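Okay, structure first, notes after.
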Amino acid sequence: MTHLEGQVNSTKFYGYSYSLNLYQQFSDLRPYIVRIKTQYTSINPFRDEIYAPLNDKHRRRQILQDDALENTLRQLIPTKSITDVLVQTYIEKYEIIHRILHIPTFIRKYKGYWIDQSSTPVCFLVQMLLVAAAAANCHPEFCIDVFSHKTTHDHVVAWVEASEAWLMHPMNQAPHSWDLLANHCLLLVAKRANFIKEGSLWTSAGTLVRWAMAAGYHHEVISANKMPPFRREMRRRLWATIVELDLQASIERGMPPSVRTGDFNIKPPLNIDDDGLEESMQGPLTGMPVTTLTITSFQALLYR
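Numbering (the working numbering), first residue to last: 54 to 357.
Shown next, in the form of structure tokens:
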């Protein structure tokens, strides 16, 4: 028996030999544990009392450290006119190959940022910077800052390094949420597009594979009650992208990939445009025939 726990957007996966899964193979053990916890009701509160102070102290320290980095990220966002072009370039040139974002959702949040910048979550700031960084190599003519002698590449390096610093912050480790895993994918895409830290791409991609597996992205969610259709499809897309990034890095490095076909059972992503995929949808989704071109066609065919 395997186990997938957590909320829809943030999950953890535990395999067969995990201790909390192992005891379920013994039919008499689970009722015994339930009986003991019922008899001694102080067990759970005592456990929480031990761990809560340690966790709270750790969180407070991390929040203080994160404030300065958040301010840096907000200051790095380029002007709207430049960012608009970079976002459109990213969607046209990268999303047709690596399906990472749900474009309508991203555009809605992006427009919201320019309306109320202060309330935009840091995770989305990182997403914006990495999208811009990936697309910037297509626009070397851009002058990001007229008062600076820095080249476009210099700015891109700053965006990537600040984004990576936030993603690797202890508060964001290990990444189980879709947003964090998607940002790690964008980080690899941006690095590869701009020849930044190329020597570490293979190891970074391998780490990303393991993070995704730890969150259960390699395992098809059977129960419809546990995962809405929209979220299930976005997980499939992201897993296919992670496997592709890992394979690319492996070929370029001349090293073996981190995952084999027998290590996962995820179905291929549906051949469907993002406009036909909404978070409110219920029931099974149906993709278009392979002869119909959509923004997901390349990934859907490649994954088969």
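Beta carbons are placed, not taken as given, at the ideal position from N, Cα and C, and that holds for glycine. For clarity, every value in this text was computed on a predicted model and none was experimentally measured.
In this chain, the alpha helix (DSSP H) harbouring Pro84 covers Leu82 to Gln92.
Residue pairing by DSSP places Ser172 in no beta bridge whatsoever. Rounded to the nearest angstrom, the gap between the Cα atoms of Ile153 and Val210 is 21 Å. Look at Ser333 here: in three-state DSSP terms it is coil, with no helix or strand label. Burial of Leu240 is indicated by the presence of at least 16 other C-beta atoms within 10 angstroms of its C-beta.
Membership of Tyr270 in any alpha helix (DSSP H) is not indicated, and neither H nor E is assigned to it by DSSP. Note on geometry: alpha-carbon atoms of Ser95 and Asp328 lie some 51 Å from one another.
In this structure, Trp255 lies near Ser303, with their beta-carbon atoms less than 8 Å apart.
Within the model, the alpha-carbon separation for Asp299 versus Met341 is close to 27 Å. The alpha-carbon separation between Met287 and Tyr93 amounts to approximately 43 Å. Taking a cut-off of 8 Å for Cβ pairs, the segment 170-178 and the segment 187-195 do not touch, as fewer than three such pairs fall below it. Taking the Cα of Pro309 as reference, the smallest distance to any Cα among Ile319, Asn318 and Glu297 is reached at Glu297.
Residue burial annotation: Ser134 is exposed, with fewer than 16 other C-beta atoms found within 10 angstroms of its C-beta. A residue is called buried when at least 16 other Cβ atoms come within 10 angstroms of its Cβ; Asn97 does not meet this threshold and is exposed. Distance from the CA atom of Leu220 to the CA atom of Gln128, rounded to whole angstroms, is 17 Å. Phe99 counts as exposed, since fewer than 16 other beta carbons sit within 10 angstroms of its beta carbon. Taken through DSSP and simplified to helix, strand or coil, Ser230 comes out as strand.
With a 10 Å radius around the Cβ and a threshold of 16 neighbouring Cβ atoms, Leu346 comes out exposed.
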